[in-house]
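Report on the structure given below.
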Amino acid sequence: PNLLKNISSNDLLNRRGLFKNLSGLVYMSSFFYEMYPDATFIGLVRNSYAVCEGHIRRGASLNKFSKRLNDAYLKLIYDSENIPNFHIIRFEDIIEKPLDTLKYIYKISELDISKVSEIKLQIKKVIDNKGKHKINNKKKIKEIVSYDINEFGNHFIKDVNKNQINRLTAEQREIIKENCYKSMKYFSYI
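In my numbering, the protein residues as written are 210 to 399.
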């Protein structure tokens, strides 16, 4: 309610729905599309090696999780080919080209990025190059921090994927590659 208090009812009628699809929500896109046919859908993907490392570190079965991840990514690919205004964004593009990627997201969502002066992001723990799960920028976990739109890329640790992938054994990488081959190839991760 507080977020909407300065927005006129006319502005609310002109808003567009935006669905960020990750985790189990990838299987709901067709239902959301039926309800909101003019919505923008964004599927967020990340290098399967890095995603799997995070889940096995938390105790998931590598074989089971990597197969589920591949299925979810293949569903995103299917939806991007069959649902209008469905786009896939790679995490790596956000890290490498944050402002360009943000501009692209605003463009496909039919939003005016010129009205944005700051970006708010949440502090999360990340794996550093020593394998430690730490908080960047000496902030509190889950704290919301504001960045000037031209500086928000500083929020991200550029080598976070590399740090996680380097924690995997050759055998673990081979299992992930075997189970996620189709999606990894599609997203140019291999």
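Each residue gets a CB set at the ideal place from its N, CA and C atoms; glycine is no exception.
Measure the C-alpha to C-alpha separation of residue i and residue j and round it to an integer number of angstroms.
i      : j      : result
Asn291 : Pro246 : 12 Å
Thr378 : Ile399 : 17 Å
Asp321 : Ile297 : 20 Å
Gln373 : Arg299 : 17 Å
Gln381 : Ser392 : 17 Å
Val369 : Asn375 : 10 Å
Glu243 : Asp288 : 13 Å
Lys316 : Leu308 : 12 Å
Ala269 : Val260 : 11 Å
Asn279 : Cys389 : 5 Å
Ser397 : Asp302 : 12 Å
Ser275 : Ile385 : 6 Å
Along the chain, where does the beta strand (DSSP E) containing residue i start, and where does it finish?
i      : result
Phe396 : Element bounds for Phe396: n/a, residue is neither H nor E.
Lys329 : 327-331
Which one of the options has the shortest CA to CA distance from residue i?
i      : options                        : result
Ile286 : Glu327, Lys329, Ile303, Leu253 : Leu253
Lys329 : Met244, Gly362, Ser232         : Gly362
Glu327 : Asn279, Ile358, Arg376, Ile314 : Ile358
Glu360 : Gly263, Ile304, Tyr395         : Ile304
Phe241 : Arg382, Phe295, Arg376         : Phe295
Ile251 : His264, Tyr258, Thr310, Val260 : Thr310
Glu387 : Lys333, Leu271, Lys324         : Leu271
Ile332 : Ser232, His364, Val235         : His364
Tyr395 : Met237, Leu234, Asn256         : Asn256
Arg277 : Val235, Thr249, Arg267         : Val235
Ala281 : Lys367, Ser232, Glu352, Ile384 : Ser232
Ser355 : Val325, Lys371, Glu383         : Val325
Ser239 : Arg266, Lys284, Tyr258         : Lys284
According to DSSP, is residue i helix, strand or coil?
i      : result
Leu271 : helix
Arg376 : coil
Glu387 : helix
Ser289 : helix
Tyr282 : helix
Asn363 : helix
Asp309 : helix
Asp302 : helix
Pro210 : With a pLDDT of only 44 at Pro210, under 50, the local geometry of the prediction cannot be trusted, and the value read off the model is given with reservation. Pro210: coil per DSSP, three-state reduction.
What are the boundary residues of the alpha helix (DSSP H) that includes residue i?
i      : result
Leu320 : It is not in any alpha helix (DSSP H) - Leu320 carries neither H nor E in the DSSP assignment.
Gly263 : 257-266
Tyr242 : 238-244
Can you name the residues that DSSP bridges to residue i?
i      : result
Phe295 : Phe250
Val354 : Leu330
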